[in-house]
Structures are given as C-alpha cells and as structure tokens.
Amino acid sequence: MEWLLLTVGLVLCGVSCFYFLKANECACANAKHCKKPIDFYWIAAISSAVLALSLCCLAFHSQLGSLIWLVMMAGCFSGASWAGVRRSKRKCQKRMTKPTNDLLTNG
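Using our numbering, read the sequence shown as starting at -11 and increasing by one per residue.
Written as structure tokens, this is what we have:
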C-alpha cells in the first residue's frame, strides 16, 4: 500500500512540476494574452504538490513523508531544469546551422 501511495505521489510531483513550468512559460511568452491559463496552471501545480505531499505523509508518516516529498520534488525540478538546458542547447545548435543552410539554398 505504501508503494502505491508513493508511486501516485511521484506522478503527482511530476504533474506539479509540469504545470509550474507551463505557467512560467506562458507568463514569459504571452504575458498579456495568457491570464486565465496561468491561474489554471498555478492552481493545478499547487494542488498536485499538496496532494503529493499528503500522500507521502500518509504512506510514511509526517516527518519521513515530507522528506521523501522534498526529494521527489527536487528530483522532478532538477530533471525539468536539465531538460530545459538540453532544449536550449538544441535550439542554439539549430540557429547556428540555419545560416549555413540559407546560404546553400539561396534563401
């Protein structure tokens, strides 16, 4: 039973991280046109994190559960940060090769 609660908590940590990043992306990209989705993303991120915390505390009692929740959230956010760094490097590499392709195709 504890492993099932922990697995659902881990999934909810990932969902919380995803919605947090979507809220930040929406706020940075479309600051004027994106008021309602930001509210939805923030509420989804916070409620997923709180639900994950409560499941972890239910599975392993309050002290150990909150420690496990912190480790899971840190893991999710570090994975998202690492993926963002890789994505930005990939975009930079595509931008650097694009002028060469434009020269070759007279475009």
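Yeah, the Cβ is synthetic: ideal placement off N, Cα and C, and Gly gets one too.
Check whether residue i and residue j have beta carbons under 8 Å apart
i   : j   : result
S4  : A37 : yes
C14 : I26 : yes
F65 : A33 : no
L41 : W30 : no
Cβ-Cβ separation, residue j to residue i (assumed contact under 8 Å), whole Å
i   : j  : result
L39 : L0 : 5 Å
Open item on the list: Which runs of the alpha helix (DSSP H) at least 4 residues long sit entirely within the stretch -6 to 63? Give them in chain order.
Closed with: 23 to 48
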